[in-house]
Structures are given as structure tokens and as C-alpha cells.
Amino acid sequence: MSDKMKTQKTEAPVGRFSGLARELFTGNALIPVLAVLASFLVGGILIALSNENVQATAGYFFARPGDMLSAIWQSVFGAYDALFRGSIYNYHADNFGDGILSLTQTLAYSTPITIAGLGLAVAFRSGLFNIGGTGQIIVGAVGSTIIALYVPIWPGPLHFLVAVLAGILGGALFGGFVGFLKATTGANEVIVTIMFNYIAVYLLHYSLTSWLKAPLASNPQSSPIPQDALYPSLAGPDYPLHLGFIVMLLAVAAVWWLMNRSSVGFHFRALGHNPSASKVAGVNIGRTYFLVMAVSGALAGLAGTSQILGTEKYLGTGVAATYGFDAITVALLGRSNPVGVLAAGILFGGLRAGAVTMQANQNVPIDIVYVVQSMIVLFIAAPPLVRSIFFMPKSKEARA
Amino acid sequence: MKTLKRGAIRVPIILSVLTLITLWVAAIAPGGETTIQINSNATATGAAGEAFRFANIITSTAFSAWLTFGLTLLATALAWWFALTGRVASRWLSIGFGVVFVFNILISLFNGQTMTITALLHGSLSLAVPLIFGSLAGVLSERVGLVNIAIEGQLLAGAFVSAMVATLVQNPWVGLIGAMVAGAFVSWLLAVFAIRYVVDQIIIGVVLNVLVIGLTNFMFSTFMSANSQVFNAPPRLPSFDVPGLAQIPVIGPVFFSQTPIVYLMYVAVIGVWFALYKTRWGLRLRAVGEYPKAADTVGIKVYATRYRSVMIGGALAGLGGAFFTIGQSLAFGKEMTNGAGYIALAALIFGRWNPIYAAFAGLLFGFAENLQYSLSTVGSHVPSDFLLMLPYVLTVVLVAGLVGKVTGPAAAGKAYIKS
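Protein chains in written order, with the working numbering: chain A, 1 to 400; chain B, 1001 to 1419.
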């Protein structure tokens, strides 16, 4: 893939998505809402198609069409009702405290997704396609696990802080190495980061079956993280919300400042807009590649720490789960803008949290989230498609 | 004396490092013997039998390790000499070095066991088939100006649809057609979003992969796994010998006693190469990928050419996906392609966007992937996670170390907006 391609692939989204004001005036602000709606429609069709009652009633559809229609309604409504109860507020619960548990679940899920998404957004805006979120999360998680488990001598807060820093450092090194390879050898970062994901997964599995394995565990997993290295809980032991959520909000602000107000961020964006021009303007391209990937990886590593030191409280093979790819979709959906990423992260966190309830109550596989997630990104990326689905008039640019 | 270019000494440096590794392997070589069996086992699948058999070679592991060290040292010295005198070393030097190096490692790992050459090649080819089909899809797509990250999704869709269709109609051939349609459909989506909606091509590729993973996982969990006899028990494509060619020693049983998908792959590699470089169709296709505006000016329909080429590529990737299921008589499994599409992408880059080179690159990756199976059967003491990692490490080493900055089709990744 040539240099020219890299220039192009960053120019298109940046140019098209920049003017928020313009979008509001041309009615484009409605598009994300409609895109989400359309994706839920597609998800609903899938849920209905896979439902056994719907399939059974379809057999005699022409005799009694009402049966099938009600079966469709029940399956789709039941699923999305469970999604709501699992992600926002469970109105079946006895009291407010139990009902709101769902919302805290959503925020807890959204923490690693958003932080890793911020990391990828930094890379995307700098013209680098970091697909290596999974690997960087894993390396960060391993780094903080090592500190948390094997260096127990520090007093409380220091132990926690160093564990978090180790996670950030691990992700930064793993990501930065890709930038280093790109700067020195010209290796394509898309390929290298994807390969590093697989390498990290196998390294993690190896570590968890050998030197990192908990002595008595039968599964490949580490010992539990000691209390003093954990993220402090925010809302008491009954809720999954921990300090990582605040860290996430700080990270949003920090990335906004980095990309929009700092000179380093200016170099990043210049590289994203036009590498040749920024080289002429005096940006050290190789160093910037490294820095972009290191910052991107550092954020992914931070996401890893929130999993290990906050949510799971031990290191298992599923630490990165699907967060690497969630982060990509979140960064794309948020248009690589920190606040947008936050919104998208909370949306997808809600989908994750709700999907668990949906699977438990309505027997709808959790994989539906993948489908809805990718449909949302597809629809958002193609506003004309959404317009034609909802019979909206063409935008001004399209008519011109 | 000419000044040395930075790139000129890269190859000698890499060879030097590898030579040190062979020295290390020789130094720690165990004192046993390794048997090298060149032909397939007499009882193996090759029904026709080979025309003649080579005798087995029994070698002392330590001796062969020192011998290869000597050879690699010689090659490295040659490479340095070429580099320092400003000559261009033949690519065959690196290739020969690589073959000797890998052979050396294998002999040490197989110490005390029998290493069957045909088995190694057969396994490599089997794992390479989807990679080669995938990289052909990439060639057809990128040569016409569309970056195809969605190869993974095309393979997975092909695997899923072929397994389901073949089971439903109890006919593997119909499954093959279904796989091609599925692959072409995924690449049609890629083309629609990239061309009509002008969405960034890498983004759309990644998203399509996630979409296909989600859809196939969802359908697998909802109805496929529960009723596997109805939906997921694909009949096997019959394998047959090519008359005459199958009797060639070593090569025959490996390459010409296969399922039709493999023969289709040979045809596809040659066919894509011929179409790209020897026909007017291919010339136009490449023109669109290099400079769409010029192509448009002389009357080539840029969009139509892109749609057509990308969809043909998708159909080929679908065939590669079918190899996972009906090609090996396996049921479909969740995410069973396991990153093959991305490795195919690496093979495509390593093969410099040329179908024939890409096919050889695919074979190389297939070989690396196959090592874990052959080494786990001999009970190697290397942890399996490291063997599983091997193809991915190899990809990074090749892409970063040997390929470096390569230039693909000039317009790949760029949307063309007709004005």
C-alpha cells in the first residue's frame, strides 16, 4: 500500500466530518440517530428470523397470519426490552438501587472500550491505522498484573499507581514498536498490528499456563490481584463502577487537549493530513510515527488496566475480549473526536451490558451485538443510504 | 568506491543474524540421528502410486547442523561481498539461504524421528489454499484500486455458506457455487460502500469483517449448532488423481492427488496472472488501479471495472473459504478462518501484488502454519503457543525485514469521483 493511499485515507474522513455546525444546519445531525435506529431494525429482523416461535408460526402464516405477527412482536420486543433492562434501568427490580445496577454495568463496560477507542482515534487522526488494540490491551494488562502480583512491598496507593503506569508503559512500548518498525523499515502498520494481536494472544496464553499461572487454578489464569492494587470502587461493593470511569473521563479531556491544543498533537494531525507537507514543514516523520503509536498503545494499555485492576480483578485469557475491535468501531463511530468517542463508547458499553441480559433472558446470542455495532458504523459512514431508508430528501451537497 | 546505500546492507545483516542462529543450533545439536523420508508412505492416500521411490536418508543431526552452518556462512560471506562491492546479489541467494536455514532447523527439531518431506509439503499446501485464494482476491481488488481488508470476511462467508448449502442440498458442488456467491456478495458490499458512498476503504473492510463474524456467529448459535445434521454436516468433495501427473515422485501425490478446489486454485493463479498481464481486460483493469482519471478519459468505465474485478476476487475468496469446510469435510465452526484473510493480505504484499509471487508467498505462510502440526506430532519440546505464533511472527519479519517499503497500485485506497 503506497504512501499516497495513506494520505488519502485520512483526508476523506477528516474533511467530511469536521464541520459540526454545518451538519446541524443541513439536518445531518439526525443521521447518527437514524443509523442506530436502522441497525436495531436489522437486528430485530435477525432476532425474529432466528426465533423458534416465529419459525413455527410461519408454517401456517396464510391460515392465521396474526399468530406469526404476534410471535415476531414478542421475540423482538422481548429482546429489546431485555436489552433496556440490562443496560439502562431494570424496572422489574424491587428498588431503585437494584434497578440502576444496569446503568452502572453499562458505564463499567464502556470504560475500557472508550479508553481504547480514544487510543485508536489518536492513531486514525494521525493517519495511522492501529488495528492492534487487542494486543496492546493484553500487553498492558500483563504489565500491570506483574506489578500488582509480584511487587507487593509498596504502601497502598503507590502500588496501585505503579501498576497502572506499568500497564500504560506496556501498551506504549508494544504500540510504539509498530511505529518504530514503520519509521525504520516502512512496514505497513495495518499488517503488523494485526499480526501482533495474534502474537500477544498466544504469548498471554503461554504466560498464563506457565509462569503467571495461579498455583491452584485449573484454568489458565493468574492469582487474584491484591486489594491495594485495585481501582477503588466508586459506588460501594454492590456496583461494578470503579475509579477507572473517572480515569476514562480524564482521558477524554487529555486526548482532546493533546490533539487540539498541544504542538505534539498538531504534528500528529499534520501527519494525518499530509505526510509530505508536514515533512517539508519540519515534522520529524519517523519520530512522530513512533509517538503516535506509543500514545495510541498507551491508551489501550490503560484500558487493559481498567479490566484487570478494576473489573475482573485477575488476569485471564479473555482479558481483551472483543475490546480491540470494539475500540475500532467506537473510534470510527465517534469520528475520532474525543467527545464523540465517549458517546459511542457508552452506547456500545450499553449494548454489551444489555446483550448479557438478552442472552440470559431471551436466548438471543450475544453475537447480535457485533451485527448491530457494525451496521451502525456502516450506516453512519454512508448518510445517503440512511436517507434513502427513511425516505429523507437528499442532502444539499448531493443535490448540487 | 561507491557509497553504501542504507538498503544495500540490509540483506547481509539479516543473513548474518540467521547464520549466528545456525551456529547456535549446531552448537546445541543433540547427538541423535534424523531420518529424512522423501516419498510419501506407501500406504498414503496417493492411490496411483509414484513412479519410483527415493531411499530414506539417515543423517547425524549434529553433522547436518554443522554442514548447514558452513553453507549459511558461505552464503553470508557472498552476500557481504556483493554488497560491499556494490553488486546486486541475486534473489536466489536469499531464497537458497532460507531453504537451507529452515531445513536445518527442521532436522534438529525432528532429531530421532522420521521427517517425511511429502507430508510436510502436503500439509503446507492444504493450509496455503485459502491463503492463496484470499491473496488472489486481494490482487484483483487492489490492482483495480480498492484496498481489500475484507478478505477475512469473504473467506468466512464462503466457509459458512458452502457448509450450509452443501448440507441442505447434499451436494458439495452446489456448496462451492454458494461459497462463490457469498464471497462475491461481501465484496459487492465493499465495492458499494467504497465506490458509491465513498467510505474509507480500510474502515469498510474492517467493519465488514466484524459484520460477517457477527452474522455467522449469530446464525451458528441460533440454529446451526443445534441442528447440525440439517445445516452443518457438509459432504466432502471427492478428491481424484490427475492422470499421469499424479505418478511423478514427490510432487505427484502432493500436488496432483487433491480435491477439485485445489485444481481450481492452480487454474485461478495462472488465470488471474494471464488475465492481468496478457489481456486487454487486464491492462484496462490495471490502468484503473494506477490512474483512474486517465482510464476514464480514454473511455474505460472506471466504476464498472472496479465492481467487476472486486466481485470476481470475492468469488475466488469464497472458494478459498469453502476449502475450510467442504474441501476438508469439516463442519463450520465459529470464526474458523482465524485470521487467514489477514495473512493472505500479507502474502499479497509480500508477493508484490503479483498473483504468482503471491501464491508462492501463500505457500510459505502455509508451510509456517503447518510446522505446528508436524512438530506437535513428533512431540517437540517447544511450547505449542510458540508454534502457533510462528506464521504471525514470520509475517512481521518478512513484512518488516525483507519487504520494507513496497509500492502497490498507485490508486489503491483512493476513491475516484467522476467529475
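Note that the Cβ used here is the ideal one computed from N, Cα and C, for glycine as well.
Small disclaimer: the values here were computed from a predicted structure and weren't measured.
Around the beta carbon of isoleucine 1058 of chain B, fewer than 16 other beta carbons lie within 10 angstroms, which makes this residue exposed. Residue contact with chain B for histidine 205 of chain A: present (Cβ-Cβ distance below 8 Å to some residue of chain B). By alpha-carbon distance to glycine 1183 of chain B, the top candidate from B:Gly1205, B:Leu1168, B:Gln1154, B:Gly1289 is B:Gln1154. DSSP places isoleucine 1058 of chain B in the uninterrupted beta strand (DSSP E) bounded by 1057-1060.
Sequence-distant Cβ neighbours of phenylalanine 1360 of chain B in its own chain, meaning closer than 8 Å and more than five residues away, are Gly1351.
The C-beta of glycine 1134 of chain B comes no closer than 8 Å to any C-beta of chain A. Residues of the segment 1185-1203 of chain B that bring their beta carbon within less than 9 Å of a beta carbon in chain A comprise Leu1189, Val1192, Phe1193, Arg1196, Tyr1197, Val1198, Val1199, Asp1200, Gln1201, Ile1202, Ile1203, in sequence order.
With 16 or more neighbouring CB atoms inside 10 Å of its own CB, leucine 1264 of chain B falls in the buried class. Leucine 351 of chain A sits buried, since 16 or more C-beta atoms from the chains shown fall within 10 Å of its C-beta.
Between isoleucine 1261 of chain B and leucine 1316 of chain B, the gap from beta carbon to beta carbon reaches 8 Å or more. Under DSSP, the beta-bridge partners assigned to glutamate 1033 of chain B are B:Ser1060. By the Cβ-count criterion, histidine 1122 of chain B is buried, with 16 or more other Cβ atoms from all chains shown falling within 10 Å of its own Cβ. Methionine 1115 of chain B: member of the beta strand (DSSP E) spanning 1114-1116, first to last residue. DSSP, read as helix, strand or coil, puts histidine 242 of chain A in strand. Taking a beta-carbon distance threshold of 8 Å, isoleucine 194 of chain A counts as an interface residue toward chain B. Against chain B, the CB of alanine 382 of chain A has a partner CB under 8 Å away; the residue lies at that interface. Distance check between threonine 305 of chain A and each of A:Ser144, A:Phe390, A:Ala360 places A:Ser144 closest, using alpha-carbon atoms only. The CB of alanine 1400 of chain B comes closer than 7 Å to the CB of Leu181, Thr185, Ala187, Val192 in chain A, given here in chain order.
Taking C-alpha positions only, glycine 170 of chain A is separated from isoleucine 1151 of chain B by approximately 31 Å. Partner residues in the beta bridge of glutamine 1258 of chain B, as assigned by DSSP, are B:Phe1240.
In the DSSP assignment, glutamate 1290 of chain B falls within the alpha helix (DSSP H) that extends over 1280-1290. At a beta-carbon threshold of 7 Å, the residues of chain B lying near valine 377 of chain A are Val1207, ordered along the chain. For proline 1383 of chain B, the nearest beta carbon of chain A is closer than 8 Å to its own beta carbon. Contact note: phenylalanine 129 of chain A reaches chain B through Ile1202, using a C-beta cutoff of 7 Å and chain order.
Around alanine 71 of chain A, the same chain offers Asn53, Val54, Thr57 as residues with beta carbons nearer than 6 Å, after the five sequence neighbours per side are excluded.
Interface residue (Cβ-Cβ distance to chain B less than 8 Å): tyrosine 202 of chain A is classified as such.
Taking 8 Å as the cut-off, the Cβ atoms of leucine 83 of chain A and methionine 375 of chain A do not count as close. With 16 or more other Cβ atoms from the protein chains shown falling within 10 Å of its own Cβ, serine 1187 of chain B counts as buried. Glycine 1086 of chain B sits in coil when the DSSP states are folded into three classes, being neither helix nor strand.
Within chain A, the residues placing a beta-carbon under 7 Å from that of threonine 1222 of chain B are Ser50, Pro365, ordered along the chain.
Below the 9 Å Cβ cutoff, chain B contributes no neighbours of valine 339 of chain A, its closest Cβ being approximately 20 Å away. Using a Cβ distance threshold of 8 Å, leucine 120 of chain A and glutamine 221 of chain A do not count as a contacting pair. Between leucine 1093 of chain B and leucine 1071 of chain B, the C-beta gap is not smaller than 8 Å, which leaves the two residues out of contact. DSSP places serine 233 of chain A within a strand segment (E or B) once states are collapsed to three. Straight-line spacing of the CA atoms in isoleucine 380 of chain A and leucine 1211 of chain B works out to 15 Å.
DSSP, read as helix, strand or coil, puts glycine 316 of chain A in strand.
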